[in-house]
């Protein structure tokens, strides 16, 4: 009898632990599924959210305003992380955050066609206003694995934050690696690998690794033969809607 009681208690205990290990399931408008394994996580999504959100940790925060949309996947491992998306954004991609107290920000009017963001190792990702990211792009603060000097065991590829200024166009297949800084009003050529801080605005960056290949340029979503100065400077004016189909 005692053996049977012990057996059932063990079964109930295992079932209880299994049920506790399951995530809390919630749905967000219109087609978002939230799987939450933590405590105190907050999804402030007023815009169109078509995504799977996985939260492995506590006190994390995701913000999507009413005028913006996100389609893809968001995964957070850790505590106190923040993903903040600005007004009038249209984003397609995957956000992966690993670690604690890190921030990913995407500024007003920015668009992603297909972008993978990896934020980890106590770093941040900041993307400015009115940026245009094409498809198959990666933005990452870490190589995710260590490159080590055999002589002394020192890691060589340390993580670093990524900062992209306002009105930056990133071409198809590009990688913005750890330590990247791109000033405002720049263009990154297709399939470029950016891995350092630049200080000069209005340039084209291209190549592997990326270098400045052209100066004194700007860009526009439209395809006219000629533009007025007012049109070229529209992105500099707060609350301007300069978006158009890519």
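In the working numbering, the protein residues as written are 489 to 734. Beta carbons are placed, not taken as given, at the ideal position from N, Cα and C, and that holds for glycine. What you are looking at is a predicted structure, and each value in this text was computed from that prediction instead of being measured.
Per DSSP, residue 720 is not a residue of any beta strand (DSSP E); the alpha helix (DSSP H) it occupies stretches across 717-720. About 11 angstroms separates the Cβ atoms of residue 552 and residue 583, ruling out a contact at the 8 angstroms cut-off. Taking C-beta separations shorter than 6 angstroms and ignoring five residues to either side along the sequence, the partners of residue 694 in its chain run 677, 680, 701, following chain order. Using a C-beta cut-off of 8 angstroms, the region 631-642 makes no contact with the region 652-662, since fewer than three inter-stretch Cβ pairs fall below that distance. For residue 581, the pairing in a beta bridge is given by DSSP as 560, 603. Within the region 657-730, complete beta strand (DSSP E) segments of at least 3 residues are found at 691-694, 699-703, given in chain order. With 16 or more other CB atoms across the displayed protein chains lying within 10 angstroms of its CB, residue 673 is buried.
Between residue 624 and residue 602, the gap from beta carbon to beta carbon is short of 8 angstroms.
Listed in chain order, the alpha helix (DSSP H) runs fully inside the region 592-656 amount to none, counting runs of at least 4 residues. Note that the region 706-714 does not touch the region 573-582; fewer than 3 beta-carbon pairs, one per stretch, sit closer than 8 angstroms.
One Cα belongs to residue 632, the other to residue 724, and the distance between them is close to 36 angstroms. For residue 530, the enclosing beta strand (DSSP E) stretches over residues 530-533. In the three-state reduction of the DSSP assignment, residue 555 falls in the coil class. When C-beta atoms of the region 585-593 are compared with those of the region 553-560, fewer than three pairs fall below 8 angstroms, so the two segments do not count as touching.
At the C-beta level, residue 670 and residue 682 come within 8 angstroms of one another. Taking C-beta separations shorter than 8 angstroms and ignoring five residues to either side along the sequence, the partners of residue 523 in its chain run 511, 512, 513, 540, 541, 542, 543, following chain order. With a threshold of 16 other beta carbon atoms within 10 Å, residue 530 falls short and is exposed. In terms of Cβ geometry, residue 599 and residue 614 do not form a close pair [threshold 8 angstroms]. Beta bridge pairing from DSSP links residue 518 with 537. Between the beta-carbon of residue 626 and that of residue 571 there is about 17 angstroms, and that puts the pair past the 8 angstroms contact cut.
Sequence-distant Cβ neighbours of residue 574 in its own chain, meaning closer than 8 angstroms and more than five residues away, are 553, 556, 593, 594, 595, 596, 597, 598, 617.
Residue 641 is classed as exposed because its beta carbon has fewer than 16 other beta carbons within 10 Å across all chains shown.
At least 8 angstroms separates the beta-carbon of residue 706 from that of residue 716.
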